[in-house]
Amino acid sequence: MPENGVPPGTLVMLVLRVLQSGPLHGYAIAQRIHALSSDVLQVEEGSLYPALQRILVKGWAKADWGVSETNRRVRFYRLTPAGRAQLASEMDAYERVNAAIRTVLRTA
Amino acid sequence: MGELWRRLWYLLNRSRFEHELREEMEAHRAQLTSKGDEGPRFGNTLRLREEARDAWGWTWLDHLVQDSSFACRLLVRTPVFTVTAVAVLAVGVGLNLAAFQVLDAVALSWLPIRSPETLVRLYRSSPRGSSTSFSYPSFDFYRRNASALTGSIGLVYDAVTLADDEAHRVDSEFVTTNLFSDLGETPLAGRLLDRQDESPDAPAVIVLSERIWRSRFGADPAIAGRALRVNGQPFTVAGVVADTFVGVEHRFASVWMPIAQHRVAFPGSTMLDDWKGNPVRFYARVRPGAAPSAVEAELKPVVRDLAASYPEDLWKDEWLSVHPAGRYVSFAEAGVGVALIAALVGLVLVAACMNLGLLVLARTLGREREFAIRLSVGATRGRIVRQLLTEHLLLGTLGAATACFIATRISTAVMSTIGSSGLRPHFNARALLVAAALAVVSSLIFGFAPAWQSLRPAAERRMRLRSVLVGLQVAAASALLIVSGLLVRGVTRIVRVPLGFEYRQTLMADPGLSSYGMTPGAAQGYWRSVEARMREVPGVRNVALTSLPPFGNRVTVNRELTIFYHVTPAFFDTMRIPLTHGRLFRDGEADVAIVSETLARRHWPGEDPIGKTYEGRTVIGVSGDARTVRINEGAATECYMPIQPEQLAHAVMVVRVDGAPARAAGTVRAVARGGDERLMPSVVLLQDALEEKLEAPRQLALIASALGCCSLLLAVTGLAGMIAFTVSQRLREIGVRVALGARPAHIVRAIARQFTRPIAIGAIAGSALAALAGTVLSREMFGVSRLDPVAHGGALLLFALVAAVAALPSVRRAVRVDPVQMLRHE
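From first to last, the protein sequence lines are chains U and F.
If you read the first sequence in the numbering used here, its first letter stands for residue 1, the second for the next number, and so on.
If you read the second sequence in the numbering used here, its first letter stands for residue 1, the second for the next number, and so on.
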């Protein structure tokens, strides 16, 4: 099965989306995206952490230290109300752009 | 918590957050490897951590800190360069900052008084002209009837003697008693004036300035209530006002008295009832925010009322114009002077920047190896340019900080020489802003070009930049040097050109008859007896009367700047002004005139002026040119007329004596009292009056010379540094030349060729620039000629000489190169 990187500009949205169902740590976020995309999307770990730092700075998520299922000290990221709002608006924008692209592809 | 705060939070706790990030990423990696996933995808952890950290938005700060610490280390390692650069910048920025501080104190800041924004000055205006002087009755009428004006302030200047020294007068102001309270001034000792002092039967009181209280009354704390004779009349000291009080004008009086008590100090004074004399300066308050034009409109009916009662005392179509007076001078008034000074100090800054540009250029060229290494290990060109700019900004900041320290000193010194005691320059937020702006602008100017240049390797371009810097610097420095030469020459010409009359042996006595309300008849009687008695004093050669005191500020001129004197016939002999043609006045003559040679030549070239008519008078004689009033105005010509009885109350007496005039002063004063107990004549040596008059132009020349020397020094050090650098770069080549048989002259020529063109072009540009500035100057000041060959030639020669001396060590080094050693070195 071919693996693909995450399209540019959508990583933050994907991260926010997987966090919507509950707090996750960094590794789990990458795994979840990988799994939910049926192993199509591969999150570059190198780009995940800059994105997470950006999310923290923007105040879209909060991070708390905890213990992972494999008994490691890890940081769990929890969505904030601002993060939810951001997710909604990003998904909105994404839908619009996506629909527009589809239309072009269909009719051109 | 906003995003900015979170960023700051990250900045403040960055070591903790960095630690956490590392821990987190290591955990991630451990989980990857435990799942059997291959590791390499994670790459260089340090690099990844840095990228993650970029999200915090502080990378620029990291770079700045790195660049600054690197720059600091470099500057510390080259102390000579650093100290030179900071000193050069401190001079350039410091002078500009000082000039700004003076401008700020004088034209931008409000006067330090209560509500300066509502203070206005009133002018009498008509379609034909305007005047700032009012008669007291008209001022009083406006004060009572103009509802648009509140807190009207009237001031009358006069000079009085105080009991401890009756031979000299001090500047005094007779003022409405609301002056101090309205401006919000509180006494240093005793009390200031109040309303009761203006009532007719109030006892006479006087307020002393702090200056005179300290210098002449030993800062006596019990001065209030002390009796003090003013003009020989009994007054009581009310109190003392601090020297920080600036009043409504920059003129700083020594004592103040109620305007109503003018007749106490000058018994017989008719000033309060006199509609003809116009001694009152008129200030007032208007509603906050009221436009001058609106107030003028409101005042029109009041002026009409006054004109209805006293039509002959007002001009036709007279109105009151309103001028804001809350600042020391208005920006428009300061205009030409500000532009000129800004240009001069700006040139110093240009010279300083170009000088530094050369220094920095030499330095960056010597760092090529460093840049090459940094580029090869992955630094971008932008990063290197940024590194250099940081270094220059650091230098600029250091220079500006030093400049701040010297600027306030310079501006305070300048302010005290231009004689405004009350206003002091301050280092305020505006000055700080200007200093910062100057630092940034100058570092960009001197730093950007060399930084840019160091990254492009084409050798001939580098030479061109160097030539431009040298040329600009020479232009700025020589322009300044020439301008200061023009000013110095102008002042010496004022002093050197014969004034055309004898002032070393002459005294002037002024009894101030008009202040006492003397009638023409009384004045005539007084002068007749005093003149006669003065002639009998042993050692007195001659005595005369004139309406215009020599070296004084009083002057009557017509449109072509001819000065009109009303004199007695003895004036010409007393002042030793030769009568070259015709005859003197005879008794009883009125409509005749004696004109100066230049006036005669200008009006009737090649003709006999005797019998001609000038300004409605018959010319009966021609006298030598004599600049007795306006010493610094070459264009002025003179016209003398017989003094008439109605001018006698305003006349002063000139006395020429044998021997030292200072010794005669006491006798002259005693005779000038003329048996009238009221009179307190002042007696001045003309020599002293001249010195006082020359003070201002001398100071201007001194300031200009200091500026010129500064820029000369800057330019020469810059040039010397550049030549030394060039020589050291070309030593090897010179060695080869010497080995091939070049003689010293060839080598000197080879080095000189590199610099002659930019220096020559710079000198020509500087000369042109100076001529431009000289055109403006010659309009303002007599004696300055914009193309003065001595100033231009002398300055350029001086420049060349000093530059040659400065270049000597490097040239000597070049000539003494040992070819064998140089080639072995290779």
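Note that beta-carbon positions come from the ideal geometry of N, C-alpha and C, so glycine has one too.
Nothing here was measured: the structure is a model prediction, and the numbers come from that model.
Cα-Cα separation between residue 723 of chain F and residue 373 of chain F, rounded to whole angstroms: A direct Cα-Cα distance of roughly 28 Å separates residue 723 of chain F from residue 373 of chain F.
CB contact below 9 Å: residue 283 of chain F versus chain U: no
Distance, residue 29 of chain F Cα to residue 40 of chain F Cα: At residue 40 of chain F the pLDDT is 48, less than 50, meaning the model places this residue with poor confidence; the figure from the coordinates comes in the next sentence. Their Cα atoms are separated by approximately 10 Å.
Host beta strand (DSSP E) of residue 282 of chain F (start-end): DSSP places residue 282 of chain F in the uninterrupted beta strand (DSSP E) bounded by 280-285.
Cα-Cα separation between residue 142 of chain F and residue 200 of chain F, rounded to whole angstroms: About 20 Å.
Neighbouring residues, chain U, relative to residue 54 of chain F (Cβ below 7 Å): 50
7 Å CB neighbourhood of residue 659 of chain F in its chain, flanking five on each side removed: 539
Spatially closest choice to residue 22 of chain U from U:64, U:98, U:95, by CA coordinates: U:64
Through-space distance from residue 376 of chain F to residue 729 of chain F, alpha-carbon basis: 24 Å
Chain U within 9 Å of residue 733 of chain F, Cβ atoms only: For residue 733 of chain F, the answer is no, since every Cβ of chain U falls outside 9 Å of its Cβ.
Helix, strand or coil at residue 186 of chain F according to DSSP, with G and I counted as helix: coil
Contacts around residue 41 of chain U, its chain only, beta-carbon distance under 7 Å, and the 5 residues preceding and following it disregarded: 4, 6, 33, 34
Beta-carbon neighbours of residue 10 of chain F, restricted to chain U and to distances below 8 Å: 57
Coil, strand or helix - residue 371 of chain F by DSSP: helix
Closest by C-alpha distance to residue 734 of chain F, when choosing among F:813, F:246, F:808: F:813
Between the CA atoms of residue 401 of chain F and residue 70 of chain U - distance to the nearest angstrom: Cα-Cα distance, rounded: 59 Å.
Beta-carbon proximity check, residue 477 of chain F vs residue 347 of chain F, cutoff 9 Å: yes
Buried versus exposed, by CB contacts within 10 Å (16 or more), residue 708 of chain F: buried
Residue 89 of chain U, buried or exposed, once every other Cβ within 10 Å from all chains shown has been counted against 16: exposed
Beta carbon of residue 120 of chain F nearer than 9 Å to that of residue 171 of chain F: no
Residue-chain proximity (residue 89 of chain U, chain F), Cβ-Cβ < 9 Å: no
Close-in-space but distant-in-sequence residues of the same chain around residue 766 of chain F (CB under 6 Å, 5 per side omitted): Annotation for residue 766 of chain F: 475, 478, 479 place their beta carbon closer than 6 Å to its own, counting only its chain and skipping 5 residues before and after.
Under 9 Å between C-beta atoms of residue 611 of chain F and residue 591 of chain F: no
The stretch 153-169 of chain F contacting the stretch 308-317 of chain F, beta-carbon criterion three pairs below 8 Å: no
CB-CB length for residue 89 of chain F against residue 431 of chain F, believed under 8 Å: Their Cβ separation, rounded to whole angstroms, is 17 Å, which puts residue 89 of chain F and residue 431 of chain F out of contact at 8 Å.
Paired residues, beta bridge with residue 206 of chain F - DSSP: F:237
Residue 5 of chain F classed as buried or exposed, judged by whether at least 16 other C-beta atoms fall within 10 angstroms: exposed
Helix, strand or coil at residue 300 of chain F [DSSP, three-state]: It is helical.
Nearest-angstrom Cβ-Cβ length linking residue 135 of chain F and residue 277 of chain F, presumed shorter than 8 Å: Taking C-beta atoms under 8 Å as the contact rule, residue 135 of chain F and residue 277 of chain F qualify, at a distance of about 6 Å.
Minimum C-alpha distance to residue 356 of chain F - residue among F:628, F:392, F:257: F:392
Cutoff 9 Å: residue 26 of chain U Cβ touching any chain F Cβ: Residue 26 of chain U counts as touching chain F.
Within chain U, the residues that residue 16 of chain F reaches when beta carbons sit closer than 9 Å: What residue 16 of chain F touches in chain U: nothing, since even the nearest Cβ is about 12 Å away.
Anticipated Cβ contact below 8 Å, residue 630 of chain F with residue 563 of chain F, distance rounded: 7 Å
Contacts of residue 835 of chain F in chain U (Cβ-Cβ under 7 Å): Past the boundaries of the shown model lies residue 835 of chain F; chain F is included only from 1 to 826, so the question cannot be answered.
Length of the line joining the Cα atoms of residue 203 of chain F and residue 262 of chain F: Across the structure, residue 203 of chain F and residue 262 of chain F are spaced so that their CA atoms are roughly 12 Å apart.
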